[in-house]
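*Asks:* Right, I'll just put the structure down here and ask away after.
In my numbering, the protein residues as written are 1 to 132.
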């Protein structure tokens with residue numbers, strides 16, 4: 001079985017999380033994964049925001065969506081080889097919750113070190129069909 005894939009270059013700009021959410025929503029809806037739309041939009045927003053904040057210097061980031069046997073994989077490639085780090089929560093400091101949010105909604109997540117950066121990936125599984 002051939003699994004569907006889609007890829008986009010997302011510019012490294014402040015408006016880019018919104019652009020990435022729109023791209024993901026279009027793909028998720030067209031592939032029939034509407035039940036994953038809200039989580040997919042949340043995840044991609046966090047991934048792109050983290051890339052902008054923690055991996056500056058790139059003109060754009062590569063966003064990939066792949067169909068998996070159980071749902072979707074979203075991945076963002078950036079130019080930094082620094083590992084993603086889940087920060088400890090500090091109520092007096094904004095931010096630092098992106099990876100916690102991702103780990104809450106994701107089935108699994110991780111990253112791959114590449115020759116020129118890294119790819120952070122997140123798996124989202126379809127919920128069980130109701131009535132099953």
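C-beta atoms are modelled at their ideal positions from N, C-alpha and C, and glycine is treated no differently.
#1: Quick one: give me the first and last residue of the beta strand (DSSP E) that residue 113 is part of.
#2: Assuming residue 76 and residue 62 make a contact with CB atoms under 8 Å, what is their CB distance in whole Å?
#3: Roughly how many angstroms lie between the CA atoms of residue 50 and residue 98, to the nearest whole one?
#4: Report yes if the C-beta distance between residue 22 and residue 67 is below 7 Å; otherwise report no.
#5: By a C-beta neighbour count over all protein chains shown, 10 Å radius and 16 as the cutoff for buried, is residue 73 buried or exposed?
#6: Exposed or buried, which one is residue 36 when buried takes at least 16 other CB atoms within 10 Å?
#7: Can residue 46 and residue 101 be called in contact, C-beta distance under 7 Å?
#8: Determine the direct distance from the alpha carbon of residue 129 to that of residue 48, and round the result to whole angstroms.
#9: Just verifying my parser: in three-state terms, what is the DSSP assignment at residue 21?
#10: Classify residue 5 as helix, strand or coil using the three-state DSSP reduction.
#11: In whole angstroms, what separates the C-alpha of residue 27 from that of residue 123?
#12: Could you tell me the boundaries of the alpha helix (DSSP H) in which residue 80 lies?
*Replies:* Result, derived from the coordinates:
#1: 108-114
#2: 7 Å
#3: 7 Å
#4: no
#5: buried
#6: Residue 36 should be labelled buried.
#7: yes
#8: Each residue's Cα considered, the two are about 30 Å apart.
#9: Three-state result, residue 21: helix.
#10: Strand at residue 5.
#11: The straight-line gap from Cα to Cα measures roughly 15 Å.
#12: Here residue 80 belongs to no alpha helix (DSSP H), and DSSP marks it neither H nor E.
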